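Position one of the sequence shown corresponds to residue 15 (the working numbering), numbered consecutively onward.
Note that CB positions come from ideal geometry on N, CA and C, so glycine has one too.
Since we're looking at a predicted model, the values are computed, not measured.
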Amino acid sequence: MLQFPSFDSAIASVPGMGQPEPWQLDQMNKFRPKGMKPYTADQMVSVPMLASHNLMSFSNGVWDDQSIESMAAFFPGKPMNLNHSWEDVQQNVGFVYSAYAIQTPDAPVNILNAADYFDINRSIVANHGFQFLLTYAAFPADSPAVNAIGYGMAKDVSTGGITDSTMICPLCDGEFFTDECDGHMPPHPMLLFFLGDEEGIDWAPYYIRAGFHTAVELTLCVSGNLPGAEVLTEPEEAGDPVEEEAGQAIGLQVIR
Ligand SMILES: [Zn+2]
């Protein structure tokens, strides 16, 4: 996990959307088919994405640090897909050529406060830092996907992978439904659907997704399951009064 002193400092050095820099082109060319002429910079567009992180998803789960590390190891070379279309290769519009697991002591406000998860997210950041997956995707310069991303029509991203569905209880630090957990119930949407009205169930505040994970594809979609997983956007100007007021309104400072 690469460490940076702040989220902004981690993002500051990330090359934005556009023609790849020489090191980026070298990375892309590692994945071209044998015999294919090397890609040139003017043929390709690179797009940086915050593809995953360790804060709350809309389905009440978080990734553990090993899952984020595993994504960084296995995403390079995997396709950039549309709408998690695992059964249609024509929905592949590019490929991930580089990925990094990064840890910072602070997290962006929009992710911390997403879906009213501020308290849980703040405690995760306090204990583990903000861990996120930075991916770079390569697209043919003339791909419609480049236009869609460039004009904000495609923005959210979502990871597609295979897991063994291990869920860890954050209260007991052990696996749910085993001796390691003191009878808590993971608030998975499926369990909430069937058991949400039952009395006497000791719901954990969230569940930690751990265990085996391997990357399959990264997808552009209308709305992903992980708040803030998206194409990186231009940062706000430093000292923007609107941003400062918004931060103060929820008492947000850099959280360590
Ligand atoms: Zn438990």
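If you draw a 10 Å sphere on the C-beta of Ile176, you find fewer than 16 other C-beta atoms in it, and that means exposed.
Secondary structure note for Val123: it is in no beta strand (DSSP E), and the uninterrupted alpha helix (DSSP H) holding it is 123-126. Here the C-alpha atom of Asn141 lies approximately 11 Å from the C-alpha atom of Ile134. Pairwise C-beta distances place the region 181-188 out of contact with the region 66-74, as fewer than three of them are shorter than 8 Å.
Nearest to Tyr111 by alpha-carbon distance, out of Asp170, Gln38, Gln80, Gln104, is Gln38. Rounded to whole angstroms, Asp40 and Phe153 show a C-alpha spacing of 14 Å.
Taking the C-beta atoms as reference points, Thr173 is found no nearer than 8 Å to Ser84. Taking the CA atoms as reference points, Ala113 sits about 20 Å from Asp120.
Apart from the 5 residues on each side of it in sequence, Asn106 sits with its Cβ closer than 6 Å to the Cβ of Pro93, Asn95 in its chain, given in chain order.
The continuous alpha helix (DSSP H) containing His142 extends over residues 132-142. With a beta-carbon spacing of about 10 Å, Val171 and Gly242 fall beyond the 8 Å limit used to define contacts. Taking C-beta separations shorter than 8 Å and ignoring five residues to either side along the sequence, the partners of Tyr221 in its chain run Asn74, Gly75, Val76, Met181, Ile182, Cys183, Pro184, Phe190, Pro200, Pro201, His202, following chain order. Between Thr228 and Phe88, the C-beta spacing is below 8 Å. Around the beta carbon of Met167, a 10 Å sphere encloses fewer than 16 other beta carbons of the protein chains shown; the residue is thus reported as exposed. Look at Pro62 here: in three-state DSSP terms it is strand.
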